[in-house]
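Q: Sharing a structure, written as structure tokens. Questions coming.
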């Protein structure tokens with residue numbers, strides 16, 4: 001119950017956030033295409049579910065893999081384990097042995113007499129003598145978004161009842177991810193609304209001169225959009241378009257007044 005309370009507390013904390021800068025900081029920092037702050041927050045939401053799971057089903061490890069965007073592979077996301085040899089860089093694909101059928105058919109797998117080397121499960125860096133395993137596909141509207149895995153060193157450790165229990169936890173994880181994505185999108189929409197409103201307010205207070213408008217824009221735009229370079233091209237009547245301003249200005253000063261071919 002305490003673990004469930006942590007989950008609901010984390011969710012309410014996420015929705016209570018009202019400060020625009022806090023909203024932006026939550027989802028802005030990105031690396032390799034993955035939103036690190038979002039990953040951290042989603043981990044906070046799912047970790048209590050794994051804690052409850054570990055008290056419900058006696059396992060050696062409980063592991064969550066999530067689908068890589070635009071690929072058919074799954075990356076290691078979260079674990080609750082007694083092992084000191086978890087490979088947190090693990091990646092599962094449709095070609096990864098025991099997972100092939102689960103990924104293709106989108107159906108759970110129960111194997112209580114497993115005699116594979118544990119490293120073939122991908123999330124162990126050495127053989128842990130795993131003998132029982134349940135793999136649950138995480139489905140969001142029939143789309144496979146991840147895998148929930150429970151294993152044990154004992155043979156015949158799990159039965160069909162354990163599989164049904166694990167499916168319930170899988171559904172809870174999917175519901176949490178779905179809600180989280182909705183909240184994330186709502187926060188982005190809210191932050192962009194605040195940015196547009198701030199832009200309009202600043203413009204209404206300015207003289208609407210070219211420099212003042214662009215200064216306002218270059219100050220506000222980075223708060224809502226993640227970019228390395230912002231280029232503002234000036235198209236004067238009867239004149240060739242030129243790069244009028246860049247942001248950051250210091251790093252790309254050499255681009256200023258550079259002629260641009262709009263047709264290229």
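Numbering (full-length UniProt numbering), first residue to last: 1 to 264.
Built from N, CA and C at the ideal position, the CB exists for glycine as well.
Just so it is clear, the structure is predicted and the values come from calculations on it, not from any experiment.
Express the C-alpha separation of residue 174 and residue 142 in angstroms, rounding to a whole number.
A: Within the chain shown, the letter at position 142 stands for residue 142. Within the chain shown, the letter at position 174 stands for residue 174. For residue 142 and residue 174, the distance between alpha carbons rounds to 11 Å.
Q: If you drop the 5 nearest sequence neighbours on each side, which residues of the same chain put their C-beta closer than 7 Å to that of residue 257?
A: Counting from one through the chain shown, the residue named residue 257 turns up at place 257. The residues are 242 and 243.
Q: What are the start and end residues of the alpha helix (DSSP H) that includes residue 64?
A: For this step, residue 64 is matched to residue 64 along the chain shown. Looking at the DSSP string, residue 64 is not in any alpha helix (DSSP H); the run it does join, the beta strand (DSSP E), is 61 to 67.
Q: With DSSP collapsed to three states, give me the class of residue 235.
A: Along the chain shown, read from residue 1 onward, the residue named residue 235 stands at position 235. The answer is coil: DSSP assigns residue 235 none of H, G, I, E or B.
Q: In the structure shown, what three-state DSSP assignment does residue 193 receive?
A: The residue labelled residue 193 in the question sits at position 193 within the chain shown. Of the three classes helix, strand and coil, the one that applies to residue 193 here is helix, per DSSP.
Q: What is the C-beta distance between residue 144 and residue 106, in whole angstroms, given that I count them as a contact (C-beta under 8 Å)?
A: Here residue 144 corresponds to residue number 144 of the chain shown, with the count starting at 1. Here residue 106 corresponds to residue number 106 of the chain shown, with the count starting at 1. Sure, about 5 Å apart at Cβ, within 8 Å.
Q: Give me the DSSP bridge partner(s) of residue 48.
A: Here residue 48 refers to the residue found at position 48 when the chain shown is read from its first residue. Answer is none; residue 48 lacks a bridge partner.
Q: Taking the alpha helix (DSSP H) that residue 228 falls in, what are its first and last residues?
A: Within the chain shown, the letter at position 228 stands for residue 228. Taken as a continuous stretch (DSSP letters only), residue 228 belongs to no alpha helix (DSSP H), as it is neither H nor E.
Q: DSSP three-state call for residue 77: helix, strand or coil?
A: On the chain shown, position 77 is the one that residue 77 refers to. Three-state DSSP puts residue 77 in a strand.
Q: Take every Cβ of the stretch 36 to 54, pair it with every Cβ of the stretch 72 to 92, and state whether three or more of those distances are shorter than 8 Å.
A: With the cut-off at 8 Å, the stretch 36 to 54 and the stretch 72 to 92 touch.
Q: Apart from the five residues on each side of it in sequence, which residues of its chain come closer than 7 Å, Cβ to Cβ, to residue 195?
A: Position 195 of the chain shown holds residue 195. Correct list, in chain order: 220, 223 and 224.
Q: What does the Cβ neighbour count give for residue 90, buried or exposed, with the cut at 16 atoms within 10 Å?
A: Taking the first residue of the chain shown as 1, we reach residue 90 at position 90. Buried, because 16 or more other Cβ atoms sit within 10 Å of the Cβ of residue 90.
Q: If we call anything under 7 Å between Cβ atoms a contact, is residue 81 one with residue 112?
A: Here residue 81 refers to the residue found at position 81 of the chain shown. Here residue 112 refers to the residue found at position 112 of the chain shown. Their beta carbons are not under 7 Å apart, which means residue 81 does not touch residue 112 by this criterion.
Q: Which one or two residues does DSSP pair with residue 265 in a beta bridge?
A: This structure gives no information on residue 265, because the portion of the chain shown stretches from 1 to 264.
Q: Rounded to whole angstroms, what is the Cα-Cα separation between residue 235 and residue 259?
A: Here the question's residue 235 lines up with position 235 in the chain shown. Here the question's residue 259 lines up with position 259 in the chain shown. Roughly 10 Å between the two C-alpha positions.
Q: Is residue 129 closer than 7 Å to residue 153 when the C-beta atoms are compared?
A: Here residue 153 is taken as the residue at index 153 of the chain shown, counted from 1. Here residue 129 is taken as the residue at index 129 of the chain shown, counted from 1. Yes, they are a contact pair.
Q: Determine the DSSP secondary structure at residue 132, reduced to helix, strand or coil.
A: By one-based count along the chain shown, residue 132 stands at place 132. Correct three-state label for residue 132: strand.
Q: I'd like the span of the alpha helix (DSSP H) that includes residue 100, first residue to last.
A: Here residue 100 refers to the residue found at position 100 of the chain shown. Unbroken alpha helix (DSSP H) run through residue 100: 100 to 105.
Q: For residue 93, which three-state DSSP category applies?
A: By one-based count along the chain shown, residue 93 stands at place 93. Looking at residue 93 - three-state DSSP - the assignment turns out to be coil, as it is neither helix nor strand.
Q: Would you mind working out which of 71, 57, 262 and 150 sits nearest residue 93, comparing C-alpha positions?
A: In the chain shown, residue 93 corresponds to position 93, counting from 1. The option with the nearest alpha carbon to residue 93 is 71.
Q: Identify every residue that forms a DSSP beta bridge with residue 177.
A: Within the chain shown, the letter at position 177 stands for residue 177. In DSSP, residue 177 forms no bridge with anything.
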